[in-house]
Amino acid sequence: NAGVTQTPKFQVLKTGQSMTLQCAQDMNHEYMSWYRQDPGMGLRLIHYSVGAGITDQGEVPNGYNVSRSTTEDFPLRLLSAAPSQTSVYFCASSYWRGNTGELFFGEGSRLTVL
Amino acid sequence: AQTVTQSQPEMSVQEAETVTLSCTYDTSESDYYLFWYKQPPSRQMILVIRQEAYKQQNATENRFSVNFQKAAKSFSLKISDSQLGDAAMYFCAYRTFQGAQKLVFGQGTRLTINP
């Protein structure tokens, strides 16, 4: 029972490097999202998607790109990493309509940008 | 835009006692979900309890219960018979029924259980 799988769990980058955080879910959820968690600020929404080919910005989208080519996968790309992007990142998914509202989370990815 | 506020950054309680975590939210909608998520040191986000706004009855899950006051826009979590395993960060969250159904989180409350 995989649920939501995120990789990698830990990553260290240098300023200016690029990387992709991978997220996959096996629950056939339409809704997928990326959050970042910073101390004292809770979890803030970066980007979200309500289906393949449909993405939109959340609260803190700058510096991040997403795409959704399949129902299962929702990668998050950092094109030019900055120290301000040091954070813990969570991918989460759910059914979109007629559901219990619960989001299912991955285990998180800790990213450090030097 | 909806906002969620947790005014207690940290709380502590003696093992076996009861503790209440506070949460308030701001919305103009009538239908929505409210959640409490637990985040232990493992970092995993675990759903503790869920409340649908159209339900007047307060949700309960074993030792966890909520006090949902819709008019006051308040959603507190009560943990009875606190156990060492309850030590974690607790997040209150709001999810609209409308549009993209984004989930909005509060800042979190760190709960310590004293043996």
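Chains as they are written, first to last, in the numbering used here: chain A, 2 to 115; chain B, 442 to 556. Cβ atoms here follow ideal geometry from the backbone N, Cα and C, with glycine treated the same way.
Residues that residue i bridges to, as DSSP identifies them
| i | result |
| --- | --- |
| residue 71 of chain A | According to DSSP, residue 71 of chain A bridges with nothing at all. |
| residue 57 of chain A | A:49 |
| residue 116 of chain A | In the structure as shown, chain A begins at 2 and stops at 115. Residue 116 of chain A is therefore absent and cannot be evaluated. |
| residue 515 of chain B | B:465, B:510 |
| residue 452 of chain B | B:552 |
| residue 25 of chain A | A:6, A:74 |
| residue 501 of chain B | B:506 |
| residue 66 of chain A | A:78 |
| residue 19 of chain A | Answer is none; residue 19 of chain A lacks a bridge partner. |
| residue 113 of chain A | A:13 |
| residue 88 of chain A | A:112 |
| residue 44 of chain A | A:38 |
Unbroken beta strand (DSSP E) run spanning residue i, endpoints
| i | result |
| --- | --- |
| residue 529 of chain B | 529-537 |
| residue 562 of chain B | This structure cannot settle anything about residue 562 of chain B, because the visible part of chain B is limited to 442 through 556. |
| residue 446 of chain B | 444-446 |
| residue 493 of chain B | 487-493 |
| residue 544 of chain B | 544-546 |
| residue 12 of chain A | 11-14 |
Among the options, the one whose alpha carbon lies nearest that of residue i
| i | options | result |
| --- | --- | --- |
| residue 545 of chain B | A:43, A:12, A:97 | A:43 |
| residue 33 of chain A | A:5, A:49, A:13 | A:49 |
| residue 17 of chain A | A:108, A:59, A:84 | A:84 |
| residue 53 of chain A | A:67, A:46, A:63 | A:67 |
| residue 427 of chain B | B:549, B:552, B:540, B:553 | Residue 427 of chain B is absent from the structure shown; chain B starts at 442 and stops at 556. |
| residue 491 of chain B | B:485, B:476, B:502, B:451 | B:476 |
| residue 3 of chain A | A:12, A:19, A:24 | A:24 |
| residue 509 of chain B | B:461, B:453, B:454 | B:461 |
| residue 554 of chain B | B:530, B:487, B:503 | B:530 |
| residue 551 of chain B | B:532, B:442, B:493 | B:532 |
| residue 442 of chain B | B:556, B:548, B:536 | B:536 |
Tell me which residues of the stretch 481-492 of chain B have at least one Cβ-Cβ distance to chain A shorter than 9 Å, keeping chain order. Taking 9 Å as the Cβ-Cβ cut-off, the stretch 481-492 of chain B approaches chain A at 483, 484, 485, 486, 487, 488, 491, given in chain order.
Are three or more beta carbon pairs between the stretch 81-101 of chain A and the stretch 507-520 of chain B nearer than 8 Å? When Cβ pairs closer than 8 Å are counted between the two stretches, the stretch 81-101 of chain A is seen not to touch the stretch 507-520 of chain B, the count staying below three.
Does the stretch 20-33 of chain A come within contact of the stretch 71-85 of chain A, defined as at least 3 CB pairs closer than 8 Å? These segments touch.
Inter-stretch contact (C-beta, 8 Å, three-pair minimum) for the stretch 457-467 of chain B and the stretch 97-115 of chain A: Fewer than three Cβ pairs drawn from the stretch 457-467 of chain B and the stretch 97-115 of chain A lie within less than 8 Å of each other, which leaves the two stretches out of contact.
May I ask you to verify whether the stretch 520-539 of chain B touches the stretch 477-484 of chain B, counting CB pairs closer than 8 Å and requiring at least 3? Contact holds: three or more Cβ-Cβ distances are below 8 Å.
Closer than 7 Å between beta carbons: that is the criterion. Which residues of the stretch 518-549 of chain B meet it against chain A? Those residues of the stretch 518-549 of chain B that come within reach of chain A (Cβ to Cβ, closer than 7 Å) are 532, 536, 541, 542, 543, 544, 546, 547, 548, 549.
Report the residues of the stretch 92-115 of chain A with a CB closer than 7 Å to any CB of chain B, ordered along the chain. Flagged, chain order: 97, 101, 102, 103, 104, 106, 108, 109.
Listed from N- to C-terminal order along the chain, which residues in the stretch 464-475 of chain B have their beta-carbon within a distance smaller than 7 Å of any beta-carbon of chain A? The residues in question are 474.
Select from the stretch 51-71 of chain A all residues with a C-beta closer than 8 Å to any C-beta belonging to chain B, and list them in chain order. Residues passing the 8 Å Cβ filter: 51, 57, 59.
Got a sec: which bits of the stretch 10-31 of chain A sit with their beta carbon under 7 Å from any beta carbon on chain B, in order along the chain? Residues: none.
Could you tell me whether the stretch 447-465 of chain B touches the stretch 59-66 of chain A, using the rule of 3 or more Cβ pairs below 8 Å? Segments in contact, no.
When Cβ atoms are compared, which residues of the stretch 79-90 of chain A fall closer than 9 Å to chain B? Those would be 89, in chain order.
Mind listing which residues of the stretch 35-46 of chain A have their C-beta closer than 7 Å to chain B's C-betas, in chain order? Hits within the stretch, in order: 41, 42, 43, 44, 46.
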